[in-house]
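Take the sequence shown: its letters are residues 1 to 666, numbered as in UniProt numbering. Glycine is no exception: its CB is placed at the ideal position from the N, C-alpha and C atoms. Below is one structure, written out as structure tokens; the observations come after it.
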Amino acid sequence: MKHAENLLIEVEAAQPSRGGGTVAIGPTYKNVIAKDAYPTLNGVKTLYELFTSSAKRYARNPCLGSRKQVDGAAGPFEFITYEETAELAAAIGSALTAVGVSAHDKCSIYGGNSAEWMIAMQACNRQSVYCVPLYDSLGENAVEFIINHSESSIIFVARDKLDTLLKALPSAHKGLKTLVYWGTGDEKRPDAELVAEHAGIKAYSWEQFLALGRGAPAPPVPPKPEDLCTIMYTSGTTGDPKGVMISHSAVISEVAGLHAFLKQISYGSTITQDDVVLSYLPLAHIFDRSTEEMFLSVGARIGYFQGDVRKLVDDIAALRPTLFIGVPRVFDRIYAGAMAKIEEKGGLAARLFHWGYRRKSARLKRNIAADKATPVFDKVVFSKIKARLGGRVKLIVSGGAPLAGHVEEFLKITMCAPVVQGYGLTETCAGSFISVPDLSEMAGTVGPPLPCTAFRLEAVPEMNYNPAGSPPRGEVVIGGPTLFRGYYKDEAKTKEDLTADGWFHTGDVGELTPEGALRIIDRKKNIFKLSQGEYIAVEKIEAVYKKNPIVEQIWVYGNSFENTLVAVVVPSEVGLTSWATDAGISGDLAEIVRDPRANSYVLGEITKTAKEAKLKGFEQIRRIYLDAAQFSVEHNLITPTFKLKRPQLLQHYKEQVDAMYGKKKE
């Protein structure tokens with residue numbers, strides 16, 4: 001095991017300014033492995049080569065797994081082999097050629113994660129077609145926008161998304177000629193073919209398209225490393241989605257960097273052909289896409305969830321994954337659910353849990369490995385919680401947003417496995433930094449850079465962040481071979497975020513720790529000034545309030561015309577209904593949140609949290625509005641990676657915000 005300061009190397013000294021301006025630029029850092037050259041993947045240069053190589057080397061290995069529905073219940077995972085997956089990809093690729101899809105055309109894929117999703121994507125790689133994912137949870141307007149903006153000529157769609165897609169087809173551009181649908185459900189869709197035909201589009205079932213390809217086999221059209229493999233649209237927090245152009249070489253560099261990092265920190269044996277991962281985070285995001293490509297590169301197994309997050313626990317129990325990747329929202333729910341059950345049990349069981357928790361926490365702070373710190377407590381106390389992830393997880397990875405410190409500690413203690421946070425963006429192929437397991441100084445950080453990443457910090461004078469300060473702080477700017485090629489059809493935005501010499505401005509503010517790890521502390525754009533002149537770093541404040549278990553979701557708001565903060569809080573259903581029962585308040589959550597006593601209770605609880613965290617007076621929330629309905633992608637209030645869409649939240653809750661400030665002025 002190595003410490004982070006041994007993994008980080010300065011490769012270029014600090015610069016006084018950028019482009020002749022006045023913005024100070026800190027030193028350029030790389031992982032020590034990348035001092036002379038970035039790692040490669042054993043001669044493999046494209047994703048087509050990656051999968052073809054694995055299909056030959058691991059032909060009989062289980063590859064993609066799914067659960068068949070029998071009388072309304074999911075059966076065990078059944079896998080097709082690498083050899084079978086390759087045959088299916090070749091058939092779908094041949095069918096692409098048969099319907100006139102050529103190299104560098106765009107192919108949209110719309111639906112939840114599934115074996116068909118992966119096979120269609122591998123078929124695109126085989127024929128040098130650019131895969132354009134559509135988010136599973138996007139509405140028809142965004143679907144229509146992406147199909148038209150990308151100029152997709154064919155779309156694969158899950159049967160349960162057909163209705164949404166069919167509404168968008170009449171407005172689709174003339175170049176969209178083919179539709180292929182997969183999945184179970186209504187076997188007769190008289191409207192699907194008719195609507196598609198009316199829009200000038202030929203519809204096929206998955207089985208029909210396979211038969212077409214098998215009847216007209218076509219040779220592969222191997223891509224070049226610099227060719228795009230995908231145009232991945234990010235929803236962003238404002239405006240239309242942006243098409244991030246990602247090359248084969250970028251994703252290959254990401255996979256090579258992940259393997260090199262695992263080996264570097266003595267976790268090289270973590271991912272082998274014997275491992276298995278549950279695919280439930282959207283394949284339309286680069287985080288899951290890169291993870292699955294890494295698994296394919298070593299002949300490991302990928303099991304696809306049923307498509308319903310409410311059945312995720314059942315899928316985990318059936319698959320028993322060895323690697324578990326997630327986003328903070330998933331882990332927050334695991335934490336809240338487990339802690340609620342512990343408090344509900346009370347008595348000796350709760351006292352034993354808290355005793356073991358404190359004991360293990362102390363040992364983890366001494367850098368004793370999570371699976372060796374308290375073996376007796378692991379077996380007696382924590383084993384049931386660990387079983388929630390299947391019982392054999394060897395590594396837990398969180399990404400997409402910062403993981404709260406108390407949730408990170410909870411996972412390390414109860415899951416008896418290393419827990420690491422990663423950081424990156426779609427524009428950097430997701431994984432740019434990953435924390436080092438079993439080192440207490442890594443807690444709350446995203447660790448050092450992966451061997452495929454270079455980075456530096458640039459000053460943000462208006463927020464008093466300086467890369468020459470102690471500690472060094474500034475906007476995180478990333479370079480290296482995993483960078484995207486720009487935004488599709490948006491040269492202005494590309495020039496704004498991506499410099500001519502290959503540096504991407506993330507908009508995130510980071511701090512470099514003495515151990516050589518990066519800590520994300522702020523968002524460059526998410527800062528505003530109150531009327532008295534005080535600056536508010538709103539994400540920092542939200543992170544403090546989210547530590548209170550009564551808070552499920554929170555959006556904090558303020559502006560330069562007001563001198564206090566207000567917030568919309570979605571409370572924990574378990575926590576608030578439990579309080580309501582004790583307080584003699586009846587009804588479901590929607591009724592409870594309308595009771596003024598509930599508002600006073602939640603405000604009082606989160607105010608205690610703010611004071612414990614020593615938030616300044618102007619940083620504390622003075623009024624709240626309680627809502628039983630969660631912020632969702634469907635209502636356009638959060639992105640698919642659970643980032644708040646602040647302008648949309650303000651529009652959605654404008655009446656409530658006005659009322660909160662109106663009460664303040666009376």
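When Cβ pairs closer than 8 Å are counted between the two stretches, the segment 566 to 583 is seen to touch the segment 537 to 553, the count reaching three or more. Secondary structure at Arg67: strand, using DSSP grouped into helix, strand and coil. Per DSSP, the unbroken beta strand (DSSP E) holding Trp182 starts and ends at 178 to 182.
Within the same chain, Cβ atoms closer than 7 Å to the Cβ of Lys645 are found at Thr237, Asn636, Leu637, Ile638, Thr639, the five residues on either side in sequence being excluded. Minimum Cα-Cα distance from Tyr204 among the listed residues Ile155, Leu565, Ala55 corresponds to Ile155.
Our two residues, Ala338 and Pro596, have alpha carbons roughly 29 Å apart in a direct line. Residue pairing for Gln553: DSSP places it in a beta bridge opposite Val570. For Tyr335 and Ile316, the gap between their C-alpha atoms comes out near 16 Å. A straight-line Cα-Cα distance of about 5 Å links Lys242 and Thr234. Between Glu511 and Ile521, the beta carbon gap of about 5 Å places them in contact (Cβ cut-off 8 Å). In this structure, the beta-carbon distance from Val327 to Gly399 falls below 8 Å. By the beta-carbon neighbour count (other beta carbons within 10 angstroms, threshold 16), Ala349 is exposed.
Within a 10 Å sphere around the beta-carbon of Pro76 sit fewer than 16 other beta-carbons, which makes this residue exposed. Unbroken beta strand (DSSP E) runs of no fewer than 3 residues, entirely contained in the segment 584 to 663, are found at 621 to 626, following chain order. Between the segment 439 to 449 and the segment 372 to 392, the count of C-beta pairs closer than 8 Å stays below three; the two stretches do not touch. The continuous alpha helix (DSSP H) containing Phe410 extends over residues 405 to 414.
The Cβ-Cβ distance between Asp288 and Thr322 does not fall below 8 Å.
Collapsing the DSSP output to three states places Thr52 in a helix. Nearest to Leu281 by C-alpha distance, out of Leu7, Gly112, Phe209, Ile33, is Gly112. Looking from the CA of Glu562, the closest CA among Leu47, His104, Ser297, Arg622 belongs to Arg622. Between the segment 93 to 111 and the segment 142 to 153, the count of C-beta pairs closer than 8 Å reaches three or more; the two stretches touch.
Here the alpha carbons of Asp240 and Asn141 stand approximately 10 Å from one another.
For Pro328, the uninterrupted alpha helix (DSSP H) run begins and ends at 328 to 345, by DSSP.
Taking C-beta atoms under 8 Å as the contact rule, Gly424 and Ala417 fail to qualify, at a distance of about 22 Å. In the three-state DSSP reduction, Ile201 falls in the coil class, being neither helix nor strand. One alpha carbon belongs to Leu518, the other to Ala13, and they sit about 18 Å apart.
A direct Cα-to-Cα measurement between Ser247 and Gly356 gives close to 48 Å.
Close CB contacts of Leu530 within its chain, under the 7 Å cut and outside five residues either way in sequence, are with Ile536, Gly558, Ser560, Glu562, Asn563, Phe618 (chain order).
Around the beta-carbon of Thr506, 16 or more other beta-carbon atoms lie within 10 Å, marking it buried.
DSSP places Pro241 outside both helix and strand once states are collapsed to three, so it counts as coil.
In the structure shown, His259 falls within a helical segment according to DSSP collapsed to helix, strand and coil.
Annotated as distal: Val657 and Val593, with beta-carbon spacing of 8 Å or more. CA-CA distance, Gln273 to Gly391, rounds to 19 Å.
Contact between Thr230 and Val132 holds: CB atoms are separated by about 7 Å, below the 8 Å threshold. Around the beta carbon of Lys161, 16 or more other beta carbons lie within 10 angstroms, which makes this residue buried. The C-alpha of Val381 is placed about 48 Å away from the C-alpha of Met245.
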